[in-house]
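J.: If you scroll down you'll find the structure; I have some questions about it.
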Amino acid sequence: MTDRTVLWLAQAFYAVSCVLTLRRLRAGGSGATLQRLNYAAMAAGFALHTFFLYLRGQSDGRCPLTNLFETQAFIAWAAVLFFLLIGPSYRVSFLGAFTAPLVLLICLAVLILPIDVVQAQPATRSAWVEFHAAIAILASGAFALAFVTGVMYLRQERQLKRRQLSSSFLLLPSIEQLDLIHYRLLIMGFVMLTAGMIGGLVSYHIVGHWTTPKIIWAVSVWLLYGALVLARGLWTLRGRKVALASMASFVFMLAGFWGVSLLWP
Amino acid sequence: MNLIVIGLNHRSAPVEVRERLAFAEGRLGEATRALLNAAPLHEAAILSTCNRVEIYGLANNATEATKAARRFLHDHHKLADSIDAYLYEHHDHECIQHLLEVACGLDSMVLGETEILGQVKDAYHAAQQAGATGVVLNRLFQKAFSAAKHIRSSTAITRGSTSVGTVAVDLAGKIFGKLGKCTVMVIGTGEISGVTARALQSRGAGTILVCSRTHDRAEALATQLQGRAISFDQWPAEFPVVDIVISSTAAPHPIVTREKLIPLMKARHQRPLFLIDIAVPRDIERACGELESVYLYDIDDLEQIARENMTAREREIAACQVLIAQHRQRFATWLESNRAALEERYRNHVVAARPPKPAHTHVS
Numbered sequence: 128m129t130d131r132t133v134l135w136l137a138q139a140f141y142a143v144s145c146v147l148t149l150r151r152l153r154a155g156g157s158g159a160t161l162q163r164l165n166y167a168a169m170a171a172g173f174a175l176h177t178f179f180l181y182l183r184g185q186s187d188g189r190c191p192l193t194n195l196f197e198t199q200a201f202i203a204w205a206a207v208l209f210f211l212l213i214g215p216s217y218r219v220s221f222l223g224a225f226t227a228p229l230v231l232l233i234c235l236a237v238l239i240l241p242i243d244v245v246q247a248q249p250a251t252r253s254a255w256v257e258f259h260a261a262i263a264i265l266a267s268g269a270f271a272l273a274f275v276t277g278v279m280y281l282r283q284e285r286q287l288k289r290r291q292l293s294s295s296f297l298l299l300p301s302i303e304q305l306d307l308i309h310y311r312l313l314i315m316g317f318v319m320l321t322a323g324m325i326g327g328l329v330s331y332h333i334v335g336h337w338t339t340p341k342i343i344w345a346v347s348v349w350l351l352y353g354a355l356v357l358a359r360g361l362w363t364l365r366g367r368k369v370a371l372a373s374m375a376s377f378v379f380m381l382a383g384f385w386g387v388s389l390l391w392p
Numbered sequence: 166m167n168l169i170v171i172g173l174n175h176r177s178a179p180v181e182v183r184e185r186l187a188f189a190e191g192r193l194g195e196a197t198r199a200l201l202n203a204a205p206l207h208e209a210a211i212l213s214t215c216n217r218v219e220i221y222g223l224a225n226n227a228t229e230a231t232k233a234a235r236r237f238l239h240d241h242h243k244l245a246d247s248i249d250a251y252l253y254e255h256h257d258h259e260c261i262q263h264l265l266e267v268a269c270g271l272d273s274m275v276l277g278e279t280e281i282l283g284q285v286k287d288a289y290h291a292a293q294q295a296g297a298t299g300v301v302l303n304r305l306f307q308k309a310f311s312a313a314k315h316i317r318s319s320t321a322i323t324r325g326s327t328s329v330g331t332v333a334v335d336l337a338g339k340i341f342g343k344l345g346k347c348t349v350m351v352i353g354t355g356e357i358s359g360v361t362a363r364a365l366q367s368r369g370a371g372t373i374l375v376c377s378r379t380h381d382r383a384e385a386l387a388t389q390l391q392g393r394a395i396s397f398d399q400w401p402a403e404f405p406v407v408d409i410v411i412s413s414t415a416a417p418h419p420i421v422t423r424e425k426l427i428p429l430m431k432a433r434h435q436r437p438l439f440l441i442d443i444a445v446p447r448d449i450e451r452a453c454g455e456l457e458s459v460y461l462y463d464i465d466d467l468e469q470i471a472r473e474n475m476t477a478r479e480r481e482i483a484a485c486q487v488l489i490a491q492h493r494q495r496f497a498t499w500l501e502s503n504r505a506a507l508e509e510r511y512r513n514h515v516v517a518a519r520p521p522k523p524a525h526t527h528v529s
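Each protein sequence line maps, in turn, to chains X and V. Just so we're aligned, residue 128 is where the first sequence starts under our numbering, counting upward by one. Just so we're aligned, residue 166 is where the second sequence starts under our numbering, counting upward by one.
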């Protein structure tokens, strides 16, 4: 069994989670059993996902972040990690319902597209390089979950504004709760991204290898999220606008990742 | 051997009749024992709420037992006129079906309401304590409770609020989450605004401010709600701390306008604001609802949501009936397979009520 097969298997569990969510919505959201099953499916997917990263790390001989396929799979893994941590502790109902499809989308895209190619790695190796990359990826996972809570926020907010309440309205969390979790995820992501940026500076000094587009992209992502955290902290931006800005930032980050990796490999 | 139910509810009898037949809550056990003495029943339980009075029982002879139960209702409440026209009765399968429907709230005035299950539980416990229930009713009631739980969790029969006050509470919950930190301002002292404020309070809303053009009325409502009365001109000053506004004045023109609200929203850092306008003509300009983080609902909006929720519950009746039929069948099968043993047990034997337990009951 190759490591890619393991990742495919993980997708099967994420897909099961999506189906369970639909069933739970149809059952009116009650059904604690379905909720536990859903969490178990996500956890099983996560375990396989972790196993995939482990196998890949073994064969790479380093942290599995050597090409676009690996980094995207890692981001999706980090998003599930944050879901597993945040979903139960904040009792955010249906957070998994919105996380699973995003994770599934990213993973299926990288599994199907021919981007899993061996790329030349810098000869000099340093723990800093791997720390820098890994923590930046974890930050992306937090931003991915911020994107998810942003989508949920907009959905709830729109229904409240339009006074048209669908049957799922009462099942999703309140907009204030979503706003708060969203903000906390942004802070967590930003702190990790900052650590990643510092790690990047240090590793540049050690490895001495860098590409200009990647740096421009990384700095703009950092500035974007920094401005967003600041604006939300100072109340210049609130609610809907924060959700929209965060979602746009995540899309920019992800698109930039693909663009930079494909154009300047 | 037959299961019987005989009683009346909000559909079969007007409130004037229902109130005369109601049993006092603390005296249900005593009444159940009196019933066992008056009617040839092996087991019995009395359910008495503001919308229904029902006697459940197990009898050797249904005809005799129901006749005696009717007489008991009549005599116990010392009625002058006949109440036969208001009473319905169901036997065996229909009796099981009826109890299941009652426990699930399908027979309630507000379809799917959940309070009734607690009332059925109380009725059962009172009868059990009085020693009036036995193998059959114990099992029937237990099965009804678990059926109600099952039906509640696997259908949407209890979902969505069906009154203006509770719809407002649901909306507040979906905006603010926990209401503990929310401050509610009541402008005007109409009845619905009091009800709505109380509903919010029962869900944990923190501070309540009341303002009215008539200060005395503001004071009166504030006292009732354990809130604070403020003078009518003061409301904009208090606004920065307010999260929920319930407005119901008799003013001919809007009190809260978009122009007034814009600077107030800035002062409260665009924190979400829930405006509930139950006045006609309306107190809050419709355009306020277009502002960022402002959620405005008027009486029509709330009533429409309540109606839609009720329609959604009505659509669930069929699904509930399917599950009820399963539970009914299961109980009927059990009863049938134990019929011989039960008949043997109850042959020539009418369960006399157990001697009262001194701690809980009184001798009638």
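Yeah, the Cβ is synthetic: ideal placement off N, Cα and C, and Gly gets one too. Because the structure is a prediction, the values reported are computed rather than measured.
1) Exposed or buried, His-527/V, counting other C-beta atoms within 10 Å across all chains shown (16 or more means buried)?
2) Check whether the Cβ atoms of Ile-420/V and Asp-448/V lie closer than 9 angstroms to each other.
3) Quick one: what's got a C-beta closer than 8 angstroms to Gly-330/V's C-beta in the same chain, skipping five residues either side?
4) When Cβ atoms are compared, which residues of the segment 301-320 of chain X fall closer than 8 angstroms to chain V?
5) What does His-434/V reach in chain X if we use C-beta pairs closer than 8 angstroms?
6) Hey, out of Ile-169/V, Leu-374/V, Ala-292/V and Ala-333/V, whose CA is closest to Asp-463/V's CA?
7) For Leu-488/V and Leu-456/V, which I take to be in contact (beta-carbon distance under 8 angstroms), what is that distance rounded to the nearest angstrom?
8) Just the Cα atoms here: how many angstroms apart are Ser-373/X and Phe-270/X?
9) What three-state label does DSSP hand Glu-280/V in the structure shown?
10) Quick check: the Cα distance between Ile-482/V and His-255/V, rounded to an integer number of angstroms?
11) What residue does the alpha helix (DSSP H) around Ser-318/V start on, and which one ends it?
12) Can you tell me where the alpha helix (DSSP H) with Gly-454/V in it begins and where it stops?
13) Can you pull the chain V residues whose beta carbon is under 7 angstroms from the beta carbon of Arg-151/X, in chain order?
14) Looking at the unbroken beta strand (DSSP E) that takes in Arg-217/V, where does it start and where does it end?
15) Excluding sequence positions up to five away, which residues of its chain have a Cβ less than 7 angstroms from the Cβ of Glu-468/V?
16) Out of Ala-137/X, Leu-361/X and Trp-344/X, which has the shortest C-alpha to C-alpha gap to Leu-175/X?
17) Out of Ser-144/X, Arg-285/X, Leu-320/X and Val-329/X, which one is the CA nearest neighbour of Ser-301/X?
18) Starting from the C-beta of Met-350/V, find all residues in its chain whose C-beta is less than 6 angstroms away, skip the five residues before and the five after it, and write them out in chain order.
19) In this structure, does DSSP put Met-350/V in helix, strand or coil?
20) Which residues bound the beta strand (DSSP E) around Ala-372/X?
21) Measure the C-alpha to C-alpha separation of Ile-316/V and Pro-241/X and round it to an integer number of angstroms.
22) Check the DSSP bridge columns for Glu-254/V and list the partner residues they point to.
23) Return the residue from the list Leu-265/X, Val-356/X, Ile-314/X and Ile-308/X that minimises the CA-CA distance to Leu-208/X.
24) Quick check: Val-278/X and Phe-196/X, are their CB atoms within less than 9 angstroms of each other?
25) I need the DSSP call for Phe-210/X, collapsed to helix, strand or coil.
26) Going by beta-carbon coordinates alone, are His-224/V and Ala-204/V separated by less than 9 angstroms?
27) From what residue to what residue does the beta strand (DSSP E) around Glu-208/V run?
28) Which stretch, first to last residue, makes up the beta strand (DSSP E) that contains Asp-442/V?
29) Using a C-beta cutoff of 9 angstroms, does Arg-282/X count as contacting chain V?
30) For Cys-134/V, does the three-state DSSP call read helix, strand or coil?
31) Using a C-beta to C-beta distance shorter than 7 angstroms, which residues of chain V count as neighbours of Phe-296/X?
32) What in chain V is Cβ-close to Lys-288/X, meaning under 8 angstroms?
33) Who are the neighbours of Gly-342/V on chain X, taking C-beta pairs under 8 angstroms?
34) Would Met-430/V be called buried (16 or more neighbouring beta carbons within 10 Å of its own) or exposed?
35) Are the beta-carbon atoms belonging to Phe-439/V and Lys-308/V less than 9 angstroms from one another?
36) In three-state DSSP terms, what is Leu-374/V?
T.: According to the structure data:
1) Only weak support is given to the placement of His-527/V: the predicted model assigns it a pLDDT of 44, under 50, and the value that follows is read from those uncertain coordinates. Label assigned to His-527/V: exposed.
2) A contact, by the Cβ cut-off of 9 angstroms.
3) Answer for Gly-330/V: Ile-357, Val-360, Thr-361, Arg-363 and Ala-364, listed in chain order.
4) Cβ contacts with chain V come from Ser-301, Ile-302, Glu-303 and Gln-304.
5) Residues of chain X passing the Cβ test: Trp-362 and Arg-365.
6) Closest option to Asp-463/V, Cα to Cα, is Ala-333/V.
7) With 8 angstroms as the limit, Leu-488/V and Leu-456/V do not qualify as a contact, their Cβ atoms being about 46 angstroms apart.
8) Answer to the nearest angstrom: the Cα atoms are 8 angstroms apart.
9) Looking at Glu-280/V - three-state DSSP - the assignment turns out to be helix.
10) Straight-line measurement puts the Cα of His-255/V at about 20 angstroms from the Cα of Ile-482/V.
11) From DSSP, the alpha helix (DSSP H) with Ser-318/V extends over 300-319.
12) Segment: none, Gly-454/V is in no alpha helix (DSSP H) and carries neither H nor E.
13) Within chain V, no residue comes near Arg-151/X; the closest Cβ sits about 11 angstroms away, beyond 7 angstroms.
14) Arg-217/V -> beta strand (DSSP E) spans 217-224.
15) Short of 7 angstroms from the beta carbon of Glu-468/V, and not among the five residues preceding or following it, lie these beta carbons of its own chain, in chain order: Val-329.
16) The option with the nearest alpha carbon to Leu-175/X is Ala-137/X.
17) Closest by alpha carbon: Arg-285/X.
18) The residues are Leu-374, Val-407 and Val-410.
19) For Met-350/V, the three-state secondary structure derived from DSSP is strand.
20) It is not in any beta strand (DSSP E) - Ala-372/X instead sits in the alpha helix (DSSP H) that spans 366-390.
21) One C-alpha to the other measures close to 50 angstroms.
22) Answer is Ile-171/V, bridged to Glu-254/V.
23) Ranking the options by Cα distance to Leu-208/X, first place goes to Leu-265/X.
24) The answer is no: Cβ separation not under 9 angstroms.
25) The answer is helix: DSSP assigns Phe-210/X an H, G or I state.
26) The amino acid at residue 224/V is misidentified as His; the sequence shows Ala. For Ala-224/V and Ala-204/V, yes; Cβs fall inside 9 angstroms.
27) Per DSSP, the unbroken beta strand (DSSP E) holding Glu-208/V starts and ends at 206-213.
28) Annotation: the continuous beta strand (DSSP E) that includes Asp-442/V extends over 438-442.
29) No, Arg-282/X lies away from the interface with chain V (no Cβ there is under 9 angstroms from its Cβ).
30) Since the first residue of chain V shown is 166 and the last is 529, residue 134/V is not available in this structure.
31) Chain V residues near Phe-296/X: Lys-339.
32) Those within 8 angstroms of Lys-288/X in chain V are Gly-454 and Tyr-460.
33) In chain order: Pro-300, Ser-301, Glu-303 and Gln-304.
34) So Met-430/V counts as buried.
35) No.
36) Strand, per DSSP.
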